[in-house]
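Here is the structure we will look at.
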Amino acid sequence: MNPDLSGPDAWIDTVSAVFMVVGALMSLAAAIGLLRFPDLLTRMHAATKPQVLGLFLLLAAIGLQLRTWWVWPVLLVAWIFQLLTVPVSAHMVGRAGYRTKHLRRDLLSTDELEAVVQKAAAEAAREDSSDDGGR
Amino acid sequence: MMQAVLAVTAVILALAAAGAIIRIARGPSLLDRVLAADVLLGILGGALCIDMAVNRHLNNLMLVVAISIIGFIGSVTVARFVADRRVESNES
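Heads up: the protein sequence lines correspond to chains A and B, in order. Here the working numbering is used: the first residue of the first sequence is 1, the next is one more, and so on. Here the working numbering is used: the first residue of the second sequence is 1001, the next is one more, and so on.
Take a look at the structure:
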């Protein structure tokens, strides 16, 4: 595309090409993780790669390709919005997965929520109230 | 060089989307399917980003943001639904 392969233009093109390929590889890694990991929590670990880091790399590639400064705040807003929404949805999915026992206990190394749940259940049983202590 | 990058990323994203669709099709639980659908939406947003970067325009940026909103609302809603309905079922 470019006749001369030196100069800042070719370097910016190369860097953005690397960003695009790596960002696409994040998606592929997420898909491989979804296919090969054994339970919900490990799949959630794999699924966050294209949503945060992959999107960051691709938005950076857009900013490098457009070669203007005013797009960077727009891209940053898009990425920060993704950063705000992804943990919330991951938390909700993980919480629902924990409650409906969609996880394999033998693969967990530690379960810090178990102690909290047991304590809340004990308190609820002692006070003979309904289950609003553990929320 | 950009056309080669476009071809390579198209192949990679197609493979990734195929993997996510396979997980949607045979995921053992609803939450696995929700997660795979979220990943599929992420792959779609990534494809839109690559289109913008290669062709040097910004037409799809609001679409990317809208896709992230849709993924967020969808997964949160379905997770609430699962948490409310299947609390006492004991399947793994």
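Cβ atoms here follow ideal geometry from the backbone N, Cα and C, with glycine treated the same way.
If you measure beta-carbon to beta-carbon, which residues of the segment 76 to 87 of chain A are closer than 7 angstroms to chain B?
-> Ala-78, Phe-81, Gln-82 and Thr-85
Report the three-state DSSP secondary structure of Trp-69/A (helix, strand or coil).
-> Within the first sequence, the letter at position 69 stands for residue 69/A. Coil at Trp-69/A, not helix or strand.
C-alpha gap between Leu-107/A and Gly-33/A, whole angstroms = Taking the first sequence and counting its residues from 1, the one referred to as residue 107/A is at position 107. Taking the first sequence and counting its residues from 1, the one referred to as residue 33/A is at position 33. Each residue's Cα considered, the two are about 16 angstroms apart.
Return yes when the Cβ of Ser-109/A is within less than 8 angstroms of the Cβ of Ala-1102/B, no when it is not.
-> The first residue shown for chain B is 1001 and the last is 1092, placing residue 1102/B beyond what the model contains.
Using a C-beta cutoff of 8 angstroms, does Ser-109/A count as contacting chain B?
-> If you number the first sequence from 1, residue 109/A lands on position 109. Closer than 8 angstroms: no.
Could you name each continuous alpha helix (DSSP H) segment of 4 residues or more that falls completely within the segment 1002 to 1037 of chain B, going from the start of the chain to the end?
-> 1002 to 1026
Taking C-beta to C-beta, are Arg-43/A and Leu-1035/B nearer than 8 angstroms?
-> What you label residue 43/A is simply residue 43 of the first sequence in a count that begins at 1. What you label residue 1035/B is simply residue 35 of the second sequence in a count that begins at 1. Against a cut-off of 8 angstroms, the Cβ pair of Leu-1035/B and Arg-43/A comes out as a contact.
Hey, out of Gly-1027/B, Ala-1047/B, Ala-1053/B and Leu-1041/B, whose CA is closest to Thr-48/A's CA?
-> Within the first sequence, numbered from 1, the residue matching residue 48/A stands at position 48. Ranking Gly-1027/B, Ala-1047/B, Ala-1053/B and Leu-1041/B by Cα distance to Thr-48/A puts Leu-1041/B first.
Is the number of C-beta pairs between the segment 60 to 69 of chain A and the segment 88 to 95 of chain A that are closer than 8 angstroms three or more?
-> no
Is the segment 16 to 31 of chain A touching the segment 1049 to 1069 of chain B, taking contact as three or more C-beta pairs under 8 angstroms?
-> yes
When the Cα of Leu-58/A is compared with those of His-45/A, Leu-40/A, Ala-46/A and Trp-79/A, which residue comes out closest?
-> Counting from 1 along the first sequence, the entry for residue 58/A is found at position 58. Checking every option, the nearest Cα to that of Leu-58/A belongs to Trp-79/A.
Please confirm if Val-116/A has its CB atom under 8 angstroms from at least one CB of chain B.
-> Residue numbering aside, residue 116/A sits at position 116 when the first sequence is read from its first letter. No - not a single Cβ of chain B is within 8 angstroms of the one on Val-116/A.
Leaving out five residues before and five after Leu-1061/B in sequence, what residues of the same chain have Cβ atoms less than 8 angstroms from its Cβ?
-> The residue you call residue 1061/B lines up with position 61 of the second sequence. Same-chain partners within the cutoff: Met-1052.
Selection from Val-1008/B, Val-1011/B, Asp-1038/B and Val-1078/B that minimises the alpha carbon distance to Pro-50/A | As a first step, residue 50/A must be located in the first sequence, where it is residue number 50. Minimum Cα distance to Pro-50/A is reached at Asp-1038/B.
4 or more residues per run - each alpha helix (DSSP H) lying fully within the segment 67 to 107 of chain A = 71 to 99
Using the beta-carbon of each residue, which ones in chain B are nearer than 7 angstroms to Ala-47/A?
-> For the purposes of this step, residue 47/A is taken as the residue at position 47 of the first sequence. By Cβ distance, chain B contributes Leu-1035, Asp-1038 and Val-1039.
With a 10 Å radius around its C-beta and 16 neighbouring C-beta atoms as the bar for buried, classify Thr-100/A as buried or exposed.
-> For the purposes of this step, residue 100/A is taken as the residue at position 100 of the first sequence. Buried, by the Cβ-count rule.
Distance, Cα to Cα, Gln-118/A vs Glu-112/A?
-> Counted from its first residue, the first sequence places residue 118/A at position 118. Counted from its first residue, the first sequence places residue 112/A at position 112. Whole-angstrom Cα-Cα distance: 11 angstroms.
Chain B contact for Asp-13/A (CB, 8 angstroms cutoff) = Within the first sequence, numbered from 1, the residue matching residue 13/A stands at position 13. Taking Cβ atoms only, chain B reaches closer than 8 angstroms to Asp-13/A, which makes this a yes.
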